[in-house]
Structures are given as structure tokens and as C-alpha cells.
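There are 2 protein chains.
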Amino acid sequence: MALDTVRKPDALAEAMAETARLVEAQLDALLPVPETAEVRLIEAMRYAVLNGGKRLRAFLVMEVAKLFSVNRTCAARVGASVEMLHAYSLVHDDLPAMDDDDLRRGQPSCHKKFDEATAILAGDALQTRAFEVLAEEDTHADSEARIELVLALALAAGMRGMVGGQMIDMESEGKDLTGAEITRLQALKTGRLIQYAAEAGAILGRAPAAQRHAIMAYGRDLGAAFQIYDDVLDETASAEEMGKTAGKDAAAGKATMVRILGLDRARSQAETLAEQACAHLDSFGERADLLRALARFTVTRKS
Amino acid sequence: MALDTVRKPDALAEAMAETARLVEAQLDALLPVPETAEVRLIEAMRYAVLNGGKRLRAFLVMEVAKLFSVNRTCAARVGASVEMLHAYSLVHDDLPAMDDDDLRRGQPSCHKKFDEATAILAGDALQTRAFEVLAEEDTHADSEARIELVLALALAAGMRGMVGGQMIDMESEGKDLTGAEITRLQALKTGRLIQYAAEAGAILGRAPAAQRHAIMAYGRDLGAAFQIYDDVLDETASAEEMGKTAGKDAAAGKATMVRILGLDRARSQAETLAEQACAHLDSFGERADLLRALARFTVTRKS
Chain A
41 MALDTVRKPD ALAEAMAETA RLVEAQLDAL LPVPETAEVR LIEAMRYAVL
91 NGGKRLRAFL VMEVAKLFSV NRTCAARVGA SVEMLHAYSL VHDDLPAMDD
141 DDLRRGQPSC HKKFDEATAI LAGDALQTRA FEVLAEEDTH ADSEARIELV
191 LALALAAGMR GMVGGQMIDM ESEGKDLTGA EITRLQALKT GRLIQYAAEA
241 GAILGRAPAA QRHAIMAYGR DLGAAFQIYD DVLDETASAE EMGKTAGKDA
291 AAGKATMVRI LGLDRARSQA ETLAEQACAH LDSFGERADL LRALARFTVT
341 RKS
Chain B
41 MALDTVRKPD ALAEAMAETA RLVEAQLDAL LPVPETAEVR LIEAMRYAVL
91 NGGKRLRAFL VMEVAKLFSV NRTCAARVGA SVEMLHAYSL VHDDLPAMDD
141 DDLRRGQPSC HKKFDEATAI LAGDALQTRA FEVLAEEDTH ADSEARIELV
191 LALALAAGMR GMVGGQMIDM ESEGKDLTGA EITRLQALKT GRLIQYAAEA
241 GAILGRAPAA QRHAIMAYGR DLGAAFQIYD DVLDETASAE EMGKTAGKDA
291 AAGKATMVRI LGLDRARSQA ETLAEQACAH LDSFGERADL LRALARFTVT
341 RKS
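Read top to bottom, the protein sequences are chains A and B.
Residue 82 in my numbering is what sits at position 42 of the first sequence, and the numbering runs on without skipping anything.
Residue 184 in my numbering is what sits at position 144 of the second sequence, and the numbering runs on without skipping anything.
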């Protein structure tokens with residue numbers, strides 16, 4: 041079984057911590073604090089994105105890019121870009137008109153720390169900056185690769201991706217969705233951006249079509265495993281472990297796979313998806329071990 | 041004087057109406073309504089952008105593109121993209137946490153017609169779609185041109201452009217800004233996107249550097265004239281003419297050039313800037329007459 045062949049967890053933890061350092065150095069450089077009146081905007085952007093997250097999406101970009109020997113700094117820029125996009129979605133998700141969440145990773149959410157208007161604008165500007173960083177020449181010498189990154193991010197983030205999924209999620213509150221509908225919702229809302237992160241590494245590496253498809257299939261299954269396991273955590277973890285309000289989705293009557301399958305079968309489905317994700321990596325041999333370890337981690341993490 | 045050489049106003053009105061039809065056909069095609077649950081999101085996006093606006097920014101793209109014989113459909117796509125970006129900024133600006141405006145062009149603003157959460161997401165997705173359209177192959181055969189469009193839009197729209205300007209604007213409420221500070225604020229908040237629209241036409245046309253600079257200078261002065269004249273209108277026009285709450289900026293204690301210069305001198309400064317804008321077009325001869333007419337229109341319009 042693919043999941044047995046992963047390296048010891050320490051190797052993954054170490055690699056993720058190293059990636060996080062690299063990506064945070066990039067984020068720091070990409071969001072310089074100006075001397076002018078809009079300093080509060082940049083401070084809110086930095087607060088939202090430089091928050092000690094796990095950097096799972098950036099790690100995915102960088103580990104996939106490594107398979108294709110991509111320059112580390114270029115990969116870290118794209119990793120920083122996807123973390124900005126992810127941070128923007130969290131800032132807007134937490135707003136009073138949306139999930140109305142006061143806590144994010146154990147800290148006041150952006151609109152609590154600053155104010156609502158600043159949080160709206162900071163999210164807006166983080167999205168813009170994410171696209172800008174992809175388009176900048178430092179990201180890749182080849183304009184074709186940069187335009188592919190922009191297109192892939194837009195597809196993953198927009199109305200037929202993440203934001204479309206958020207909309208369905210809101211509309212579904214209190215309704216009984218089928219398992220298939222929840223799967224589609226989650227694939228859009230969370231899965232597409234995780235899949236993009238894997239794809240971005242392959243785009244950076246100008247991977248041949250077959251390898252790019254294998255990486256995208258890995259990303260798709262990993263994203264699905266991630267979201268189902270998130271629902272499991274939402275039911276089982278404490279608020280302290282989660283760094284956010286636990287049990288909230290269930291309380292809001294949101295559609296989750298745990299409600300449909302029950303806790304045990306949801307957990308087991310997440311594990312199956314993680315194994316399936318690993319199976320797509322066979323052609324990469326042991327160079328993909330950390331990506332396999334990441335799949336394992338995704339369905340065993342505590343938060 | 042350049043402003044004397046414009047064609048009769050009918051020619052401008054006709055050309056703007058024709059552009060609006062083309063751009064709205066593009067917008068309609070670029071935002072198809074799906075069969076699925078996120079239909080409400082797309083409906084809100086369409087409501088926000090297909091609202092019978094003047095399409096000044098799209099007109100700028102298309103008229104500049106015409107100077108360089110750009111394919112009309114490609115130019116209309118970029119025009120549609122800048123209108124989406126503009127619409128997103130208006131939707132978020134109108135939110136209760138921002139300007140809290142119930143009316144937009146005489147109709148309920150997006151969060152009044154739908155709800156706040158939908159308006160936030162619709163704005164988010166309009167921004168994403170604006171970038172996506174620029175990156176799509178149909179926009180320009182040359183990936184270099186597409187990446188330049190993405191970069192220029194990101195610069196104009198982000199933390200050092202439109203959103204940065206909105207932040208300064210919010211921060212300035214009740215404060216006494218100097219004329220120089222207001223000029224910078226307005227250049228960021230409104231001017232940069234108008235300048236981008238002109239620049240985008242030149243990028244589409246792969247204009248030589250000297251012509252591109254002339255177009256950008258025209259766009260910069262036109263944007264400045266536009267914003268100062270907007271302040272004049274905010275003081276003088278009726279709510280009915282404006283299609284939004286009039287006198288609102290002044291009531292909110294916002295910094296405007298009218299407060300600094302008084303009505304007459306503000307109007308005259310807008311006119312001077314419009315003439316200055318036209319002066320940058322000399323090398324294009326009478327092919328730029330509609331762009332000159334647009335500058336004239338900018339400082340004589342009623343709304």
C-alpha cells in the first residue's frame with residue numbers, strides 16, 4: 041500500500057517547516073510596508089497571510105516543482121501567491137455577512153483585529169497581488185508558463201471554482217444535499233485550490249502532459265481527502281486544537297460528509313482518497329515520498 | 041485649442057453606444073448562467089456589471105486599440121474585463137461596511153438586490169474573471185501581450201492602485217488633506233484604472249514605446265479630470281441625475297478638490313486637465329478625435 045512507503049513523519053515536518061520559512065520570507069518581501077497612508081491596508085494583508093499557517097498549499101507547489109527541478113525561489117513565489125489567494129478567501133469567509141467568525145488560527149480574525157472595511161479591502165488586494173506575483177517576470181522566464189499559472193489560478197479561484205463552491209455552501213445551509221452534491225461542493229470550495237497548487241508546480245516545471253495529468257489527479261484526490269477530513273476534525277477536535285470555533289459547520293446546518301456517512305465511514309473515505317492520491321505518484325518513484333507523506337498527514341493531522 | 045477640434049458630440053455618443061453594445065454582448069457571453077446551485081452568484085455578477093453604465097473604460101480600451109488596428113472582438117474582451125473589474129470595486133464600495141450605499145445608477149445596489157454575502161462573493165468573482173479573461177488565448181495570440189495586460193491591471197487595481205486609494209479615502213474621512221494628498225488619493229482610486237484602460241488598448245496594439253507613453257499620459261490626465269469633475273458633480277447634480285446619493289462625499293467629510301479649490305476653480309482645473317490630456321494625442325492626428333471628444337465629454341457630462 042502506498043501509504044506504507046512514506047518516510048518517517050519527521051522528514052515531512054522538517055520539509056514543511058523549511059518550506060514555510062522560505063514562503064514566509066517571500067511573502068514578507070512581496071508585501072513591503074509603505075511609508076504612506078495606505079499602510080493600514082498592507083498591515084491587514086500581512087496580518088492575514090503571515091499568520092503561522094501550515095502552508096500546505098505552498099508546500100504542494102514546492103514539492104511538485106522539486107520533481108521537475110524548478111528553481112526554489114521561483115517556486116516559493118508561486119507558493120506565496122497561492123497562500124495570498126487562500127488568505128483572501130479566509131478573510132472574506134470570516135466576515136460577519138459570511139461565516140461571522142471571530143477567530144482564525146487562535147487569533148482575532150482580520151475584521152476583528154482591524155475593521156470590516158479594511159478586511160474587505162485587504163482580501164481584495166490579496167487576490168490582486170496573488171495574480172500580480174504570478175505575472176511578474178521573476179516567477180518564470182517564459183511568459184507562456186506565467187499565463188498558464190494565471191489561467192489555472194483564475195479557474196480554481198473564481199465562479200466555477202472556490203467562490204462558486206462558497207456560494208453553493210451558503211445556499212445549502214439547512215438543506216439536505218446528497219453525497220454527490222456535497223462532493224461537488226467540496227471539490228469546488230476547497231479541492232480546486234489544492235489541486236491548483238499541485239498543478240502550479242507542474243506548470244512551473246513545464247511537465248509533459250502525462251506527468252501533469254498524474255499530478256493533477258494526485259491534487260484532486262488529496263483535496264477531496266483534505267476536505268472530508270476537515271469535516272471529521274470539525275466534529276471531533278476541540279476549539280483549542282483547531283484554532284477556530286469547532287463544531288460550527290454542523291451547528292450551522294451545513295452539508296458535510298460526516299452528516300451523510302457518519303464519523304467512521306467519513307474518516308475511512310478520507311483515508312481511501314489519500315491512498316488513491318498516492319497511487320497517482322507511482323511513476324515518480326521515491327522522489328515523491330514527501331508528497332505521499334503529505335497525503336498521509338492530511339488524514340491524520342490534529343488541526 | 042485641442043478641445044475645439046473635437047467632432048460633433050453626436051459622433052461620440054454614437055460611438056460610445058456602439059461600444060457599449062459590443063462590450064455588453066461580450067459580458068453576456070463571458071458570464072453564462074449555469075444550471076447549477078451557484079446560479080445566484082452568476083446572477084449577482086451579471087446584475088452588477090450588466091447595468092447600463094456608460095462603459096467609459098471599455099470605450100477607452102476600444103478607441104485606443106482602434107488607433108493600432110486591433111481586432112474589435114479582442115478589444116471588446118479587454119473592455120469587458122475592465123468593466124468587470126470596475127463593477128467589482130463598485131459592489132464592494134457600496135457594502136454597508138464601506139460607503140453603505142443603497143443605490144447604484146438608480147437601481148438597488150448589489151447587496152440590496154441580493155444580500156451582503158452574495159455581493160461580497162460576486163465582487164470577488166468579478167475580479168477573478170477580469171484576470172481570467174485577459175489570460176485567455178482569445179484575448180491576444182501573443183502570450184507576452186496577455187501577461188502585460190494582467191500585470192498592468194494588477195498594478196492599477198491592487199494595493200498600490202485602486203484599492204490602495206480606497207483605503208486612503210476611508211482613512212481620510214474627517215481629516216484635512218492637502219491638495220497634493222487628494223491628488224495622489226484620486227490618482228490611485230479612480231485615475232489608475234482609467235489610465236489602465238487606455239494603456240490596455242496600447243498593449244493590445246503592441247504600440248511602440250513613445251506612443252504607449254503618450255497614451256498613458258493621456259489616460260493619466262483624463263483620469264484626473266474625470267475624478268475632479270466627479271467631485272464637482274457630487275456637489276451640483278441631483279440624486280436623479282447621478283443615479284446615486286448626491287452630496288454624499290461632502291457629507292461624509294471626505295476629501296475632495298471642491299472643498300480645497302471651491303466649485304469654480306475645481307471645474308476649471310478639470311477642464312485644464314482634459315485639454316492637457318488631448319495635447320498628448322497630437323501625434324495621432326484626427327484618428328484620435330473621438331478620444332479628444334471623450335476628454336471634453338468627461339468634463340461636461342451631467343452624471
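Yeah, the Cβ is synthetic: ideal placement off N, Cα and C, and Gly gets one too.
Computed from a predicted model, the values in this text were never measured in an experiment.
Original post:
Of the residues I82(A), A333(A), M56(A), which one's Cα is nearest the Cα of P74(A)?
Top reply: Along the first sequence, read from residue 1 onward, the residue named residue 74(A) stands at position 34. For the set I82(A), A333(A), M56(A), the Cα lying nearest the Cα of P74(A) is the one of I82(A).
**OP:** Report yes if the CB atom of S149(B) is closer than 8 Å to the CB atom of E184(A), and no otherwise.
**Re:** Taking the first residue of the second sequence as position 1, residue 149(B) is located at position 109. Taking the first residue of the first sequence as position 1, residue 184(A) is located at position 144. Cβ atoms of S149(B) and E184(A): not closer than 8 Å.
Subject >> CB of Q235(A) within 8 Å of CB of G263(A), strictly >> reply: Position 195 of the first sequence holds residue 235(A). Position 223 of the first sequence holds residue 263(A). Remark: C-beta atoms of Q235(A) and G263(A) approach each other more closely than 8 Å.
Original post:
Expressed to the nearest angstrom, what Euclidean distance is found between the alpha-carbon atoms of I208(A) and Q226(A)?
Top reply: Taking the first sequence and counting its residues from 1, one reaches residue 208(A) at position 168. Taking the first sequence and counting its residues from 1, one reaches residue 226(A) at position 186. Taking the straight line joining both Cα atoms gives about 9 Å.
Subject >> Pair within 8 Å by beta-carbon distance, V101(A) and A237(A) >> reply: Counting from 1 along the first sequence, the entry for residue 101(A) is found at position 61. Counting from 1 along the first sequence, the entry for residue 237(A) is found at position 197. Their beta carbons are under 8 Å apart, which means V101(A) touches A237(A) by this criterion.
**OP:** Taking H346(B) as the query, report the chain A residues whose CB atoms sit under 8 Å from its CB, ordered along the chain.
**Re:** Lying before the first or after the last residue shown, residue 346(B) is absent from chain B, which here runs from 41 to 343.
**OP:** Grab the span of the alpha helix (DSSP H) containing M210(B) for me, first residue to last.
**Re:** As a first step, residue 210(B) must be located in the second sequence, where it is residue number 170. Here the alpha helix (DSSP H) through M210(B) covers 202–212.
**OP:** Using beta-carbon positions only, say whether A328(A) and L107(A) come within less than 8 Å of one another.
**Re:** Taking the first sequence and counting its residues from 1, the one referred to as residue 328(A) is at position 288. Taking the first sequence and counting its residues from 1, the one referred to as residue 107(A) is at position 67. Cβ atoms of A328(A) and L107(A): closer than 8 Å.
Original post:
Applying a beta-carbon distance threshold of less than 7 Å, which residues of chain B neighbour K186(A)?
Top reply: As a working note, residue 186(A) is residue 146 in the first sequence. Reading off the sequence, residue 186(A) comes out as Arg, not Lys. Residues of chain B passing the Cβ test: I187.
Original post:
Whose Cβ in chain B lies nearer than 7 Å to the Cβ of F171(A)?
Top reply: By 1-based counting over the first sequence, the position of residue 171(A) is 131. Simply F171, V190, A194.
**OP:** Helix, strand or coil for L143(A), going by three-state DSSP, please let me know.
**Re:** Here residue 143(A) refers to the residue found at position 103 when the first sequence is read from its first residue. Strand at L143(A).
Original post:
Can you name the residues that DSSP bridges to P148(B)?
Top reply: As a first step, residue 148(B) must be located in the second sequence, where it is residue number 108. Answer is L143(B).
Subject >> Alpha-carbon spacing of K342(A) relative to L273(A), whole angstroms >> reply: To locate residue 342(A), count along the first sequence from 1; it is residue 302. To locate residue 273(A), count along the first sequence from 1; it is residue 233. When rounded, the distance between both Cα atoms is 7 Å.
Original post:
Whose CA, out of A254(B), R305(B), Q66(B), lies closest to the CA of G325(B)?
Top reply: Here residue 325(B) is taken as the residue at index 285 of the second sequence, counted from 1. Of A254(B), R305(B), Q66(B), the residue nearest in Cα terms is A254(B).
Subject >> Option nearest R169(B) by Cα separation, candidates F154(B), L125(B), M210(B) >> reply: In the second sequence, the residue the question calls residue 169(B) occupies position 129. Among F154(B), L125(B), M210(B), the Cα nearest to that of R169(B) belongs to L125(B).
Original post:
Going by the beta-carbon positions, is the gap between A194(A) and E172(B) smaller than 8 Å?
Top reply: Numbered from its first residue, the first sequence carries residue 194(A) at position 154. Numbered from its first residue, the second sequence carries residue 172(B) at position 132. Yes, Cβ-Cβ distance for A194(A) and E172(B) is below 8 Å.
**OP:** Note the first and the last residue of the continuous alpha helix (DSSP H) segment covering V122(A).
**Re:** Counting from one through the first sequence, the residue named residue 122(A) turns up at place 82. Per DSSP, V122(A) belongs to the alpha helix (DSSP H) from 112–133.
Original post:
For D300(B), which of L67(B), T218(B), Q267(B), A249(B) has the nearest alpha-carbon?
Top reply: Within the second sequence, numbered from 1, the residue matching residue 300(B) stands at position 260. Checking the sequence, you will find Ile at residue 300(B) rather than Asp. Closest option to I300(B), Cα to Cα, is T218(B).
**OP:** Check the C-beta distance from T158(B) over to R80(B) and give it rounded, since I have them as a contact under 8 Å.
**Re:** Along the second sequence, read from residue 1 onward, the residue named residue 158(B) stands at position 118. Along the second sequence, read from residue 1 onward, the residue named residue 80(B) stands at position 40. Going by Cβ atoms, the distance from T158(B) to R80(B) rounds to 6 Å, so yes, they are a contact pair.
**OP:** Classify A194(B) as helix, strand or coil using the three-state DSSP reduction.
**Re:** Working through the second sequence from its first residue, we reach residue 194(B) at position 154. Correct three-state label for A194(B): helix.
Subject >> Length of the line joining the Cα atoms of A115(A) and A105(A) >> reply: Within the first sequence, residue 115(A) is the residue found at index 75, counting from 1. Within the first sequence, residue 105(A) is the residue found at index 65, counting from 1. Straight-line measurement puts the Cα of A105(A) at about 6 Å from the Cα of A115(A).
Original post:
By the 10 Å Cβ neighbour count, where 16 or more other Cβ atoms means buried, how is K215(A) classified, buried or exposed?
Top reply: Mapped onto the first sequence, residue 215(A) falls at position 175. Answer is exposed; the Cβ neighbour count stays below 16.
Original post:
Closest by CA to D304(B), which one among E64(B), A295(B), T276(B)?
Top reply: Residue 304(B) sits at position 264 when you count from the first residue of the second sequence. Measuring from the Cα of D304(B), the nearest candidate turns out to be T276(B).
**OP:** Determine the direct distance from the alpha carbon of A197(A) to that of S121(A), and round the result to whole angstroms.
**Re:** Looking up residue 121(A) in the first sequence gives position 81. Looking up residue 197(A) in the first sequence gives position 157. Taking the straight line joining both Cα atoms gives about 12 Å.
**OP:** Return the chain-ordered list of same chain residues with a C-beta closer than 7 Å to the C-beta of L67(B), the five sequence neighbours on each side being excluded.
**Re:** In the second sequence, counting from the first residue as 1, residue 67(B) sits at position 27. Within the same chain, L67(B) has close Cβ partners V89, L90, A120, E123.
**OP:** Check V339(A) in the structure and name its three-state DSSP category.
**Re:** Here residue 339(A) corresponds to residue number 299 of the first sequence, with the count starting at 1. Looking at V339(A) - three-state DSSP - the assignment turns out to be coil, as it is neither helix nor strand.
Original post:
Would you report the Cα separation of A250(A) and G231(A), rounded to the nearest angstrom?
Top reply: Taking the first sequence and counting its residues from 1, the one referred to as residue 250(A) is at position 210. Taking the first sequence and counting its residues from 1, the one referred to as residue 231(A) is at position 191. Near 21 Å, if we compare the C-alpha coordinates of G231(A) and A250(A).
Original post:
Straight-line CA distance for L228(A) to F99(A)?
Top reply: Taking the first residue of the first sequence as position 1, residue 228(A) is located at position 188. Taking the first residue of the first sequence as position 1, residue 99(A) is located at position 59. The alpha-carbon atoms of L228(A) and F99(A) are separated by roughly 20 Å.
**OP:** Give the interface partners of G204(A) over in chain B, defined as CB-CB distance under 7 Å, in chain order.
**Re:** For this step, residue 204(A) is matched to residue 164 along the first sequence. Chain B residues near G204(A): E78, L81.
Original post:
Do D142(A) and D133(A) have their CB atoms nearer than 8 Å?
Top reply: Indexing the first sequence from 1 puts residue 142(A) at position 102. Indexing the first sequence from 1 puts residue 133(A) at position 93. Their beta carbons are not under 8 Å apart, which means D142(A) does not touch D133(A) by this criterion.
Original post:
With C-beta atoms as the reference, is L244(B) less than 8 Å away from H180(B)?
Top reply: Position 204 of the second sequence, counting from 1, holds the residue named residue 244(B). Position 140 of the second sequence, counting from 1, holds the residue named residue 180(B). In this structure, H180(B) lies closer than 8 Å to L244(B) by Cβ.
Subject >> Counted within 10 angstroms of its Cβ, other Cβ atoms place D44(B) as buried (16 or more) or exposed >> reply: Along the second sequence, one-based indexing puts residue 44(B) at 4. Caution is warranted here: a pLDDT of 46 is assigned to D44(B), below 50, making its placement in the model unreliable, and the coordinate value is therefore given only provisionally. Its Cβ having fewer than 16 others within 10 Å, D44(B) is exposed.
Subject >> Host alpha helix (DSSP H) of M256(A) (start-end) >> reply: By one-based count along the first sequence, residue 256(A) stands at place 216. M256(A) -> alpha helix (DSSP H) spans 249–276.
Original post:
So, does the CB of T340(B) fall closer than 8 Å to a CB anywhere in chain A?
Top reply: Counting from one through the second sequence, the residue named residue 340(B) turns up at place 300. For T340(B), the answer is no, since every Cβ of chain A falls outside 8 Å of its Cβ.
Original post:
Beta carbon of L313(B), beta carbon of D271(B): below 8 Å?
Top reply: To locate residue 313(B), count along the second sequence from 1; it is residue 273. To locate residue 271(B), count along the second sequence from 1; it is residue 231. No. Outside cutoff.
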